[in-house]
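Reading through the structure tokens given below for one structure.
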Amino acid sequence: MTVSEVLAQATTALPSRRGLPDPHREALFLLAAASRIDEIHLRMYPEKKLPPEVEQLFFRWVERRRSGEPAEHIVGRCSFWGRFFEVTPSVLIPRPETELMVEAALESTLPRESRVLDVGTGSGCLAVTLAAERPSWRVVGLDRSSAALEVARNNASEHGVDIRWLQSDLGTAVAGPFDLVTANLPYIPTGWLPTLGEEISREPVLALDGGADGLDLVRRLIADLGRILAQGGHCLLELAEDQAEAVEELAVTHGLSPIGRRRDIGGCDRVVILGRA
Numbered sequence: 002m003t004v005s006e007v008l009a010q011a012t013t014a015l016p017s018r019r020g021l022p023d024p025h026r027e028a029l030f031l032l033a034a035a036s037r038i039d040e041i042h043l044r045m046y047p048e049k050k051l052p053p054e055v056e057q058l059f060f061r062w063v064e065r066r067r068s069g070e071p072a073e074h075i076v077g078r079c080s081f082w083g084r085f086f087e088v089t090p091s092v093l094i095p096r097p098e099t100e101l102m103v104e105a106a107l108e109s110t111l112p113r114e115s116r117v118l119d120v121g122t123g124s125g126c127l128a129v130t131l132a133a134e135r136p137s138w139r140v141v142g143l144d145r146s147s148a149a150l151e152v153a154r155n156n157a158s159e160h161g162v163d164i165r166w167l168q169s170d171l172g173t174a175v176a177g178p179f180d181l182v183t184a185n186l187p188y189i190p191t192g193w194l195p196t197l198g199e200e201i202s203r204e205p206v207l208a209l210d211g212g213a214d215g216l217d218l219v220r221r222l223i224a225d226l227g228r229i230l231a232q233g234g235h236c237l238l239e240l241a242e243d244q245a246e247a248v249e250e251l252a253v254t255h256g257l258s259p260i261g262r263r264r265d266i267g268g269c270d271r272v273v274i275l276g277r278a
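Count along the sequence shown from 1, then add 1; that gives the number in my numbering.
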């Protein structure tokens with residue numbers, strides 16, 4: 002079969018639903034991984050014949066995707082900030098909105114040899130990206146999951162960056178001070194979890210469940226920022242919709258200053274930037 006034929010068949014087999022809004026796009030992602038050919042090449046040569054073993058692997062993957070398994074788990078990787086990262090069911094799949102954290106960090110006016118702390122690092126996509134983009138920064142990544150840290154170590158090795166990884170409950174394993182703290186902590190209210198769809202249910206609850214209002218871990222981290230964040234330092238927090246104002250009010254009670262927000266493509270205040278005077 003040709004590229005166009007297998008894509009047409011897979012697109013029909015993958016009905017559009019929540020968590021799978023663009024079957025053709027997902028089929029192309031799976032085919033590129035199965036054939037080890039980039040998506041641009043597949044688009045350019047739709048009449049290219051595929052080897053039988055590639056077809057077989059691809060359609061096995063399509064069946065797994067139909068069952069609700071995330072495409073990134075099937076192929077074992079995800080794109081983030083122009084790089085591919087290993088992902089497993091032990092870590093949250095990096096989302097495009099998390100790239101707002103990278104943008105904010107790279108645009109900040111930090112010292113050349115800043116100390117950076119990534120709390121709840123998961124796959125390490127944030128820590129690895131910052132270390133790769135700013136080689137002079139000294140980056141530490143923390144997670145309470147040993148399985149997540151193993152994935153993060155693999156990603157650091159793959160991209161050739163030197164990061165210190167520690168198993169830790171939030172920031173308890175470090176003393177600081179850090180010039181920049183980034184944290185994409187679980188922020189989904191517990192009651193929302195059953196409504197998020199089958200794909201989300203395949204990801205680790207530990208990386209999603211933020212308690213009754215989604216802010217349990219965020220509160221704990223903010224309360225500790227006075228200890229680990231350097232004077233003049235910044236903290237970047239990724240949040241859910243409608244959480245920014247509550248987080249900024251909480252930060253003020255702990256002597257921190259709200260200094261900015263980043264909105265995602267849907268208009269949600271996705272990232273809050275806090276400073277310590």
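By construction, the Cβ of each residue, glycine as well, lies at the ideal position given by its N, Cα and C atoms.
{"Query": "Threshold first: 4 residues or longer. Then list the alpha helix (DSSP H) segments lying entirely within the region 130 to 162, N to C.", "Result": "147 to 159"}
{"Query": "Does the region 221 to 234 come close enough to the region 195 to 209 to have 3 or more Cβ pairs within less than 8 Å?", "Result": "no"}
{"Query": "Give the straight-line distance between the Cα atoms of Glu87 and Glu108, rounded to the nearest whole angstrom.", "Result": "26 Å"}
{"Query": "Helix, strand or coil, according to DSSP, for Asp270 in the structure here?", "Result": "strand"}
{"Query": "Give a yes or no on whether 9 Å exceeds the smallest Cβ distance from Ala241 to chain D.", "Result": "Among the protein chains of the structure shown there is no chain D, as only one such chain exists."}
{"Query": "When the Cα atoms are used, what is the spatial distance from Leu131 to Arg139?", "Result": "10 Å"}
{"Query": "Helix, strand or coil for Trp193? Go by DSSP, reduced to three states.", "Result": "helix"}
{"Query": "Report the residue from Ala176, Ala245, Met102, Glu27 whose alpha carbon sits nearest the alpha carbon of Cys79.", "Result": "Glu27"}
{"Query": "Are the CB atoms of Ala153 and Pro190 within a distance shorter than 9 Å?", "Result": "no"}
{"Query": "Name the DSSP bridge partner or partners of Gly172?", "Result": "In DSSP, Gly172 forms no bridge with anything."}
{"Query": "Rounded to whole angstroms, what is the Cα-Cα separation between Gly20 and Ala35?", "Result": "21 Å"}
{"Query": "If you draw a straight line from the alpha carbon of Ala157 to that of Ile164, how long is it in whole angstroms?", "Result": "7 Å"}
{"Query": "When you compare each of Ser68, Leu29, Thr3 to Ile201 by their alpha carbons, which one comes out closest?", "Result": "Ser68"}
{"Query": "What's the gap between the Cα of Arg145 and the Cα of Thr173?", "Result": "10 Å"}
{"Query": "Based on the DSSP secondary-structure assignment, which residues constitute the bridge partners of Gly261?", "Result": "Ile274"}
{"Query": "Would DSSP call Val253 helix, strand or coil?", "Result": "helix"}
{"Query": "So who's on the other strand from Phe179, going by DSSP bridges?", "Result": "Leu230"}
{"Query": "From what residue to what residue does the alpha helix (DSSP H) around Leu240 run?", "Result": "That residue, Leu240, is in no alpha helix (DSSP H); it is neither H nor E in DSSP."}
{"Query": "What does a CB cutoff of less than 7 Å around Ala33 pick up in its chain, not counting 5 residues either side in sequence?", "Result": "Asp39, Glu40, Leu43"}
{"Query": "Go ahead and label Pro187 buried or exposed: buried means 16 or more other beta carbons lie within 10 angstroms of its beta carbon, across all protein chains shown.", "Result": "buried"}
{"Query": "Would you mind sorting Glu100 into buried or exposed? The rule is 16 or more other CB atoms within 10 Å of its CB.", "Result": "buried"}
{"Query": "With DSSP as the reference, label Ala184 as helix, strand or coil.", "Result": "strand"}
{"Query": "In or out: Ser124 buried (at least 16 other Cβ within 10 Å) or exposed?", "Result": "buried"}
{"Query": "Distance check for Val182 and Val63, CA to CA, integer angstroms please.", "Result": "39 Å"}
{"Query": "Where do the ends of the beta strand (DSSP E) carrying Leu118 lie?", "Result": "116 to 120"}
{"Query": "With distance defined between alpha-carbon atoms, name the residue in Leu29, Val7, Val141 nearest to Lys50.", "Result": "Val7"}
{"Query": "Going along the chain, which unbroken runs of the alpha helix (DSSP H) with 4 or more residues stay wholly within the region 52 to 112?", "Result": "53 to 67, 72 to 76, 100 to 108"}
{"Query": "By alpha-carbon positions, which one of Ala184, Ala148, Gly198, Arg203 ends up nearest to Arg271?", "Result": "Ala184"}
{"Query": "Check Arg221 in the structure and name its three-state DSSP category.", "Result": "helix"}
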